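I have placed the structure first, in the form of structure tokens, so that the comments after it can refer back to it.
In this note's numbering, the protein residues as written are 74 to 419.
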């Protein structure tokens with residue numbers, strides 16, 4: 074059976090649910106407080122020009138919030154966003170098309186090697202947020218938890234985690250009655266997605282999607298599909314949760330604790346599908362860093378930038394990491410400010 078792909082999606086269904094239905098979701102879970110010790114953003118110099126950021130669809134809402142806030146402070150700065158998937162960002166960075174790539178996964182060793190051979194220096198990885206990749210079902214689905222082995226048997230052809238049988242009907246996951254006899258409709262991300270690659274490596278152990286998988290073009294479209302299908306299951310960043318879907322608690326192995334996706338479990342590493350979100354930067358060395366790019370990074374790791382992360386439904390980085398990152402990216406522009414230089418980019 075050939076895999077189905079949904080190429081077209083409008084944000085209407087999902088955004089309506091986000092606006093109307095989020096009241097039932099615990100604020101403490103989805104919107105943790107941003108620590109007051111995170112460095113406050115101050116524009117050290119005015120920056121102007123156009124900067125393109127290409128990459129992660131998962132990070133779309135974060136990038137848009139950063140874009141809006143930065144353009145309030147720097148009216149001459151134009152940020153162009155293309156969020157079709159992490160692999161598109163990696164390719165654009167490696168080819169020299171952009172200076173910033175948004176990534177929901179790390180660059181592969183092969184991508185780093187290509188970049189270094191092409192440009193003569195390695196890319197810089199800047200973690201900017203914490204995400205809990207959630208496995209969602211319809212909110213009327215009675216199941217609440219699942220193991221990684223079960224997920225592998227639901228989504229993957231090979232079952233490399235050792236599952237004896239393919240899990241194709243809901244009764245195999247404990248759903249009773251006539252609903253349990255319904256087939257499981259699985260929704261996955263497309264191959265350019267960093268989320269797909271992360272899920273494939275961590276859950277499938279490098280296996281492949283089942284032929285019955287419905288391929289979704291974006292993080293929001295996965296959730297949209299589950300909202301209208303009681304028999305659906307799929308994965309997306311926790312920031313895309315609505316009141317019409319629910320994330321399953323996940324155990325790494327049979328017999329281990331089932332862990333809910335929360336700020337605490339994502340930051341302490343106990344949630345099995347926890348990951349970092351990155352901006353990868355093409356800059357030869359600290360002394361040659363673009364002031365415009367530096368200002369964007371400095372904002373991303375500031376209190377304002379991390380508040381935007383939380384408003385987008387994701388989690389802030391640990392304070393210690395943010396303080397170190399802020400100091401690392403502030404020095405160049407402070408020196409320029411002392412000279413009274415306005416920085417521009419093309």
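All C-beta atoms, glycine included, are put in the ideal place defined by N, C-alpha and C.
Fair warning: this is a prediction, and the values are worked out from it, not measured in the lab.
Which of the three DSSP states is assigned to residue i in this structure?
{"i": "residue 364", "result": "helix"}
{"i": "residue 269", "result": "helix"}
{"i": "residue 101", "result": "Here the model assigns residue 101 a pLDDT of 39, short of 50, so the residue's position is not dependable, and the following value carries that caveat. Here residue 101 sits in helix by DSSP."}
{"i": "residue 106", "result": "coil"}
{"i": "residue 184", "result": "helix"}
{"i": "residue 95", "result": "Confidence at residue 95 is low in this model, with a pLDDT of 42, below 50, so the placement of that residue should be treated as unreliable; the coordinate-derived value is given next. Residue state, collapsed to three classes: helix."}
{"i": "residue 289", "result": "strand"}
{"i": "residue 162", "result": "helix"}
{"i": "residue 296", "result": "helix"}
{"i": "residue 420", "result": "Residue 420 lies beyond the stretch modelled for the chain, which goes from 74 to 419, so this question has no answer here."}
{"i": "residue 252", "result": "helix"}
{"i": "residue 229", "result": "strand"}
{"i": "residue 385", "result": "coil"}
{"i": "residue 64", "result": "This structure cannot settle anything about residue 64, because the visible part of the chain is limited to 74 through 419."}
Drop a sphere of 10 angstroms on the beta-carbon of residue i, count the other beta-carbons inside from all chains shown, and report buried for 16 or more, exposed for fewer.
{"i": "residue 204", "result": "buried"}
{"i": "residue 419", "result": "Any reading at residue 419 must be qualified, since the residue scores a pLDDT of 43, below 50, and its modelled position is unreliable; the value itself is stated next. By the 10 Å Cβ count, residue 419 comes out exposed."}
{"i": "residue 144", "result": "exposed"}
{"i": "residue 260", "result": "buried"}
{"i": "residue 92", "result": "Confidence at residue 92 is low in this model, with a pLDDT of 38, below 50, so the placement of that residue is unreliable and no value is reported for it."}
{"i": "residue 314", "result": "buried"}
{"i": "residue 238", "result": "exposed"}
Per DSSP, what are the beta-bridge partners of residue i in this structure?
{"i": "residue 219", "result": "323"}
{"i": "residue 308", "result": "208"}
{"i": "residue 123", "result": "151"}
{"i": "residue 350", "result": "202"}
Can you tell me which of the options puts its alpha carbon nearest to the alpha carbon of residue i?
{"i": "residue 129", "options": "265, 206 and 305", "result": "265"}
{"i": "residue 241", "options": "256, 199 and 252", "result": "256"}
{"i": "residue 368", "options": "399, 342 and 324", "result": "399"}
{"i": "residue 126", "options": "401, 176 and 186", "result": "176"}
{"i": "residue 227", "options": "294, 304, 332 and 185", "result": "304"}
{"i": "residue 134", "options": "350, 248, 355 and 212", "result": "350"}
{"i": "residue 366", "options": "197, 395 and 191", "result": "197"}
Between the C-alpha atoms of residue i and residue j, what's the straight-line distance to the nearest angstrom?
{"i": "residue 147", "j": "residue 308", "result": "36 Å"}
{"i": "residue 211", "j": "residue 316", "result": "9 Å"}
{"i": "residue 274", "j": "residue 252", "result": "31 Å"}
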